[in-house]
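Colleague: Offset between the sequence shown (1-based) and our numbering: plus 3.
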Amino acid sequence: MASVPWDTLKPTLCQYSIAASSEHSGRYVAENIRFDRPTEVSSRWSGIKEYVRQWILLELTTAAVLDSITFGKYHQPHPCNMKEFKVEVGMNEEHMTEVLYATLKNDSRRETFALPRVTRDGVPIPTRFVKIIPVSTHAQNYNTSIWYVELSGFTDEQFIQGVLRGYERNREIVAVHHILKHLRQRRHLSTFYQLLTETGTQLEHPLVSELYETLVIKGDWERAEKSLEALSSAGLFSSYVNSHQPSARWRRLRGVDANGDVPSKRGGHAMCLDVENQQIYLLGGFDGRKSLNDFWVYDIHSDRWRVISHDVSKENGPGPRACHKMAFDPKTGYIYLLGRLADEDMPKVTTRWQSEDEQFEELPRNATAIEEVPASLDGGPQPQPEGRRSVGVGTDSRIPLHKDISSEFYRYKTRGIDRGEWKLLNIDTAMIGGPKLIYDHQLELDSEAQNIYVHGGRVIDGTWVANKYSGMYCYDIRTGKWSTIPIAQLSNDAMPPRFGHSMVYDSIRRKLTMFAGQQESNRYLSDMWEYDLQRGTLIEVTSNFTVAGGPEACFAQRAVIDPQLQEIYVFDGLTRSRTAGRPAAESAIWLFRYANRPGTWTRVLLAPPLPQMSHKRPTKSYGQGSGSATKRTRSEMDAEDEDDSQSDSPVPRWAHQVVYDPESRTFYMHGGNAGVSPATGGIRTGGRATGVEFDERLDDFWSMKLERPPVCEVIRRAKFEIRQQQFREMCDEVAPVKSLTFLQTEVSAVVDHNNEEEEEAFRSLLSLLLQPTLPTTDLDESRSFPSSNRSTIASPNSTPSEHDLGWTNELPVDEDTVMTDALTTDPSSNVDFKSTLVGEALSLVDDPHELRIREGRRLSSARFDQRTKVFESLLSFISPEAKQPNGNLLDMMRQNTV
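Shown next, in the form of C-alpha cells:
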C-alpha cells in the first residue's frame, strides 16, 4: 500500500460502546468509563482483585485507524488507580494484537498515549475492538479502577475502505507466506513453486532462495558457502550484527594545526559535524577563567585542526560565550547558533563553594549566592572559576546578570561565494516570538523540513527571584519566523521543565526524544519523552529509565542518535553518587534501542585492549599559538603517547561535546570538565590515577567506534553450520579416514576453539564416525517410527536457534505423526488415520521438482530434514524482512482447533 499522507488527515474522537468486561465490583460498571466525571467517586469501572485477568472490551461504532488513547482520572490521587496496563486492538475480538504497554501516574491529570497507526511493514492498522487490560494498581490489595477512556483516530469512510482493502491484501500475503513455508518444510516443492508463481508473491530475498536450493536441494557445499559472501554484500546480515551488544573502541586524536596548536582546554563549548565534507566545527566555551569565542574546524580525513578565527566577534560573529548550541544544515551548509552564558552576564561573586567537597553543597533556600553579590551589577572584574556553577561552565545559576539580555541568533556559511560570513539573523528572538536568552538548552535541526527546534534551558531575564525555564520553539528557516510549541499543554504540565538535558531527532520517523537534565533544587531527572512532529503529540516513554535498566538520573550528559539503527547513544555526565549523594561523573556509555516499545537499555563495555603497538607519529612542526589554543612540545606529546599506551578510554567528564557520523558510525568527543568517578571517589583515566584536578577543563580529543560481531564472524559461524552437515553426510558416504581428515582440517578451521559451546559441538562430531549409517534414499525396508523416545522429536516447522541443533543419526519422527498420535488417543476423534499417513508419506519422498534439479539423484527424508534444519539455523543471521516468517502454520491450526 502506498504511504499514507498523515499530514493531510486529522484525527477525531471515536465513539464506542462497551462490548464486554471481566467482573466488576459493586456499582462500578464498565459503562461509567464513557463519561468524564472526575469529581464523582462512583463514576468509574472497578474490577475484582480476585480475578487474575481483568479487562474491558470496547467496540467502535465504525472501524478506525486509532491515533491515541486518553485516560481521565479522579480529581485527586486514588489508591485504586490503574498503574500498569496493556492495550490490544483488532478487527474482531478473537484476534487481538498488543499495541501498547504503559504506566499511568497516580495524579489527577489526563494522560494520552499514542497508538501505532501502521504495522512494522507500514500497513495501516484498522481497528473495531479495543481491549484494555489492567496489570497493576498504585496501591496493593485494591481493586483496579478506570475512570474515563477516550479514543482518537481516523474514521473517514473513504480512507477506511482503502485501509481495509490494503489490510486484507496484507493478510492474504501473510497467509500465503506461512503456507509456502510449510509446503517447503514438508517437501511439497512442486506445489510450493506452483503457488509461488500463481500468487506472484516473494517469500524471501532471491539470495536466500538461492542458498536454500544450493544447500538443501543440491547439497552443493562450496556454492552454499559462496552464497554467504553474496548475502553479506547485500547487507542481509546487518540486523543480526547490530542486534548484539557492542563494545567501545576509543582512539585519542592527536591532530594539530599548521602551528602545532589545538583548541585550548574548555567546557560548555559547542560542536557540529558536516558529514559530507568530514568537517567538525568547534566554537567557544569556558576555560575555567574566561569565556571564549574562538572558532575551529577539524578535518577528519587529514587529522588536522585549523583555526578559523581567534575572535569571531571581529567578523560580525557572536561574542565570548558558553552553554550555547550549534546545528549544521547539510542541505545548505549553514551553521546556526543560539544561546549564551557569558562573563558579562555575571559580576564577581563570593560563594560558599570553596573546597572540592563543598563545591556541590546546596545552599539553603533562604541563603543564596545572590545575597553575597556586590551592589554594582554593571561591568566589574571577570568572575572567578569557583563563582560559576552550570552545566557548561560550572556557574551558580542564581547569580544576577549584565543588563544586556538580548537573545541573539546567528548563522555562519561554510560553502559558496560568501563562505566564512557570519550573519545576525535576530537581535533578540524573544521580540519576534522566539525564546528569551537561554543557556544549557537543546537545539535540533530538521534539514528536510527546514525547521529548527529549541527546547528547555535556563532563562536569563534580569530577575532571579525564582528559577525560570524555557519551553519549546520552532524556527522556520524558509520564512524566518519563530513559533511556540505548547508542549506544557500537550503533556498537561506533566513534563517537568529542565536544563542540561538531551534532545535527539529521528529524521526518518520525524520524532524528537528528550530526556534527563536538572530541575528545581538540583534534582536530576531520569524520564524520557517523545514529541511526534507529524502528529503534534507528546508522550512519556518512561518515567524512570534507571528502573528500566538505563543510566542513573543525570544531567550535562551528551546524546546522539542513529535513525537507521533506531539507537540512541548516551555519554554519561553528572550523576548523584549513591554513597556521598554529591554529583559525580562517569565515563559510561549507554545504548537505547527504541525499535520496539518500550525500548531496551544496554551498557556499552570497553573493547578489550589491542596488542601493544608503537604510538610514535611522524614529526610535525610546532609554532607559536594564541591564547585560545593549547601548545604542546614534542616531549609533552611523546609523554602523552606513553600515557595513551596505558589508557583505553577518556577520563570521566561532563559538559563535554560529542558529534556522530552516521555514515562511518564514528563518534567524536572533545573537552569538558573532569569529574569524580563514583567508583573510586577520584579521577581516573583508563583505570589509572591521573593528575587531573576535579572540575579541571580538558582539551583531549577522541574518536570512538562501537565494535559489534564483524560480518566475517557471522560468515565463519555460518560456515561451521554448513561444514558440520557436510561432515555428517561424509560419514555415511566416504571412508572414515577421509571424513576424519575433513573434520580435523576444514571443520576445525571455522571453529572458535576458545568458545566452549562451539568446541563441545566440534568434539561431539567425532562420535558420528562410530554410529550406524543413515539411509541415503527412502527405499529402506526397515522404515519405522520409534514410539518410546518422544523427547528426541524435533519439529521441522520451527526455526531452531543458532545453538539448539540437537543432531541425531536416527530418522526423526515427523510432526504430522505427533499430531496423529495425539488425535488418535481420543476415541471420539474423527480424523482419518489413513489419510494422515498418506500426508506423512508424501513428506518423506523426493518431490519431482527435486529430482529434476538433482538429475534423478534421490535424497532420504532424514537428510532433507537435517539440511532444512541447517538452512533455518542460518536464517537466524538474516534480516527479518529478507526471510520467511517465524510463525508456524501447524501451531496456528492448533490454536483454532483446541
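Ideal Cβ positions, reconstructed from N, Cα and C, are used throughout, including at glycine.
Do Lys134 and Ile856 have their C-beta atoms within less than 9 Å of each other?
Modeller: Counting from one through the sequence shown, the residue named residue 134 turns up at place 131. Counting from one through the sequence shown, the residue named residue 856 turns up at place 853. Contact flag unset, no.
Colleague: With a floor of 4 residues, list each alpha helix (DSSP H) that falls wholly inside the region 402 to 440, ordered by position along the chain.
Modeller: Complete alpha helix (DSSP H) runs here, min 4: none at all.
Colleague: From which residue to which residue does the alpha helix (DSSP H) around Gln729 run?
Modeller: Within the sequence shown, the letter at position 726 stands for residue 729. Per DSSP, Gln729 belongs to the alpha helix (DSSP H) from 714 to 736.
Colleague: Within 8 Å, do at least three Cβ pairs link the region 47 to 64 to the region 103 to 118?
Modeller: Output reads no: the region 47 to 64 does not touch the region 103 to 118.
Colleague: Would you identify the three-state DSSP class for Asp849, choosing helix, strand or coil?
Modeller: Here residue 849 refers to the residue found at position 846 of the sequence shown. Asp849 falls in the coil class under three-state DSSP.
Colleague: Just grab the DSSP bridge partners of Pro137 for me.
Modeller: Sequence index remark: in the sequence shown, residue 137 carries index 134 (1-based). DSSP output for Pro137 lists Phe88 as bridge partner(s).
Colleague: Note down, in chain order, each residue of its chain lying with its Cβ closer than 6 Å to the Cβ of Asp565, except the 5 sequence neighbours on either side.
Modeller: Along the sequence shown, one-based indexing puts residue 565 at 562. Cβ neighbours of Asp565 beyond the five flanking positions: Pro665.
Colleague: Which parts of the region 238 to 282 are runs of the beta strand (DSSP E), unbroken and 3 residues or longer, counting only runs that do not cross its ends?
Modeller: DSSP runs (the beta strand (DSSP E)) wholly in the region 238 to 282: 250 to 255, 264 to 266, 273 to 277.
Colleague: Cutting at 6 Å between CB atoms, please list the residues of its own chain near Cys734, excluding the five before and the five after it.
Modeller: Along the sequence shown, one-based indexing puts residue 734 at 731. Within the same chain, Cys734 has close Cβ partners Ser742, Leu771, Leu772.
Colleague: For Thr106, report the span of its beta strand (DSSP E) as first-last.
Modeller: Numbered from 1 along the sequence shown, position 103 holds the residue referred to as residue 106. First-last of the beta strand (DSSP E) with Thr106: 98 to 106.
Colleague: With burial defined as no fewer than 16 other Cβ atoms inside 10 Å of the residue's Cβ, what is the status of Ile881: buried or exposed?
Modeller: As a position in the sequence shown, residue 881 is number 878, starting the count at 1. Answer is buried; the Cβ neighbour count reaches 16.
Colleague: Which value, in whole angstroms, describes the spacing of the CA atoms of Thr65 and Ala142?
Modeller: If you number the sequence shown from 1, residue 65 lands on position 62. If you number the sequence shown from 1, residue 142 lands on position 139. So the alpha carbons of these two residues sit roughly 37 Å apart.
Colleague: When burial is assigned at 16 or more other CB atoms within 10 Å of the CB, is Gly270 buried or exposed?
Modeller: For the purposes of this step, residue 270 is taken as the residue at position 267 of the sequence shown. Its Cβ being crowded by 16 or more others within 10 Å, Gly270 is buried.
Colleague: Taking buried to mean at least 16 other C-beta atoms within 10 Å of its own C-beta, is Phe765 buried or exposed?
Modeller: To locate residue 765, count along the sequence shown from 1; it is residue 762. Buried.
Colleague: Enumerate in chain order the residues of its own chain whose CB-to-CB distance from Ser936 is below 6 Å, with the five nearest sequence positions on each side excluded.
Modeller: For residue 936 there is no data in the structure shown, the boundaries of the chain being 4 and 901.
Colleague: Take the Cβ of Thr217 as the centre, count every other Cβ of all protein chains shown within 10 Å, and call the residue buried at 16 or more, exposed below.
Modeller: The count along the sequence shown starts at 1 and reaches residue 217 at position 214. Buried: at least 16 other Cβ atoms inside 10 Å.
Colleague: Identify the residues that DSSP records as bridge partners of Met329: which are they?
Modeller: Position 326 of the sequence shown, counted from the start, is the residue given in the question as residue 329. Answer is Leu340, bridged to Met329.
Colleague: By DSSP's criteria, Cys477 is part of a beta bridge. Which residues make up the other side?
Modeller: One-based indexing of the sequence shown puts residue 477 at position 474. According to DSSP, Cys477 bridges with Tyr456, Ser486.
Colleague: So, for Gly336: in the same chain, excluding its five sequence neighbours on each side, which residues have a beta-carbon less than 6 Å away from its beta-carbon?
Modeller: Taking the sequence shown and counting its residues from 1, the one referred to as residue 336 is at position 333. Closer than 6 Å at the Cβ level, and outside the excluded window around Gly336, lie Thr417, Arg418.
Colleague: Applying the criterion that 16 or more other CB atoms from any shown protein chain within 10 Å of the CB defines a buried residue, is Ser236 buried or exposed?
Modeller: Counting from one through the sequence shown, the residue named residue 236 turns up at place 233. Exposed is the call here.
Colleague: Using a threshold of 9 Å, state whether the C-beta atoms of Ile511 and Gln567 are closer than that.
Modeller: Here residue 511 corresponds to residue number 508 of the sequence shown, with the count starting at 1. Here residue 567 corresponds to residue number 564 of the sequence shown, with the count starting at 1. Yes. Within cutoff.
Colleague: Please work out which residues of its chain come closer than 6 Å, Cβ to Cβ, to Ile441, disregarding the five sequence neighbours upstream and downstream, and give them in chain order.
Modeller: Here residue 441 is taken as the residue at index 438 of the sequence shown, counted from 1. Cβ within range, chain order: Gly342, Gly460, Val462, Ser473.
Colleague: Which same chain residues, not among the five before or five after Pro611, have their C-beta less than 8 Å away from its C-beta?
Modeller: Start at 1 with the first residue of the sequence shown, and residue 611 comes out as number 608. Excluding positions up to five away in sequence, the list reads Ser250.
Colleague: Taking DSSP's pairing of strands, which residues face Gly203 in a bridge?
Modeller: Sequence index remark: in the sequence shown, residue 203 carries index 200 (1-based). DSSP lists no partner for Gly203.
Colleague: State the DSSP-derived secondary structure class of Trp9, mapped to helix, strand or coil.
Modeller: Position 6 of the sequence shown holds residue 9. The answer is helix: DSSP assigns Trp9 an H, G or I state.
Colleague: Thinking C-beta only, is Val607 closer than 9 Å to Tyr663?
Modeller: Here residue 663 corresponds to residue number 660 of the sequence shown, with the count starting at 1. Here residue 607 corresponds to residue number 604 of the sequence shown, with the count starting at 1. It is not a contact, given that the beta carbons lie outside the stated cut-off.
Colleague: Assess, as a yes-or-no matter, whether the region 318 to 325 is touched by the region 707 to 715 under the definition of 3 or more beta carbon pairs within less than 8 Å.
Modeller: Touching, no, given that fewer than three Cβ pairs across the two stretches are closer than 8 Å.
Colleague: Does any heavy atom of the ligand PLP sit closer than 8 Å to the C-beta of Leu186?
Modeller: In the structure on display, the ligand PLP does not appear, and there are no ligands present to speak of.
Colleague: To the nearest angstrom, report how far apart Thr193 and Leu234 are at their CA atoms.
Modeller: Translated into positions along the sequence shown, residue 193 becomes position 190. Translated into positions along the sequence shown, residue 234 becomes position 231. Checking the sequence, you will find Ser at residue 193 rather than Thr. Straight-line Cα distance between these residues: approximately 26 Å.
Colleague: In chain order, what residues of the same chain have a beta carbon less than 7 Å from the beta carbon of Asn35, not counting five sequence neighbours either side?
Modeller: Here residue 35 corresponds to residue number 32 of the sequence shown, with the count starting at 1. Same-chain partners within the cutoff: Ser46, Arg47, Trp48.
Colleague: Quick one: grab the DSSP three-state call for Thr217.
Modeller: Within the sequence shown, residue 217 is the residue found at index 214, counting from 1. Reduced to three states, the DSSP call for Thr217 is helix.
Colleague: Of the residues Asn889, Arg719, Ala865, Asn758, which one's Cα is nearest the Cα of Lys229?
Modeller: Counting from one through the sequence shown, the residue named residue 229 turns up at place 226. The shortest Cα separation from Lys229 among Asn889, Arg719, Ala865, Asn758 belongs to Arg719.
Colleague: Taking all protein chains shown into account, decide if Asn889 is buried (16 or more other Cβ within 10 angstroms of its Cβ) or exposed.
Modeller: The residue given as residue 889 occupies position 886 in the sequence shown. Classification for Asn889: exposed.
Colleague: Just to confirm my understanding: we take Ser139, look at its own chain, exclude 5 residues before and 5 after, and list those with CB closer than 7 Å. What are they?
Modeller: Position 136 of the sequence shown holds residue 139. So the list reads Lys86, Glu87, once near-sequence residues are dropped.
Colleague: The alpha helix (DSSP H) that contains Gln188, what's its start and end?
Modeller: Position 185 of the sequence shown, counted from the start, is the residue given in the question as residue 188. Looking at the DSSP string, the run of the alpha helix (DSSP H) that includes Gln188 is 160 to 188.
Colleague: I want to know whether the region 531 to 547 touches the region 502 to 517 - three or more CB-CB distances under 8 Å.
Modeller: Because the criterion of three Cβ pairs below 8 Å is met, the region 531 to 547 and the region 502 to 517 touch.
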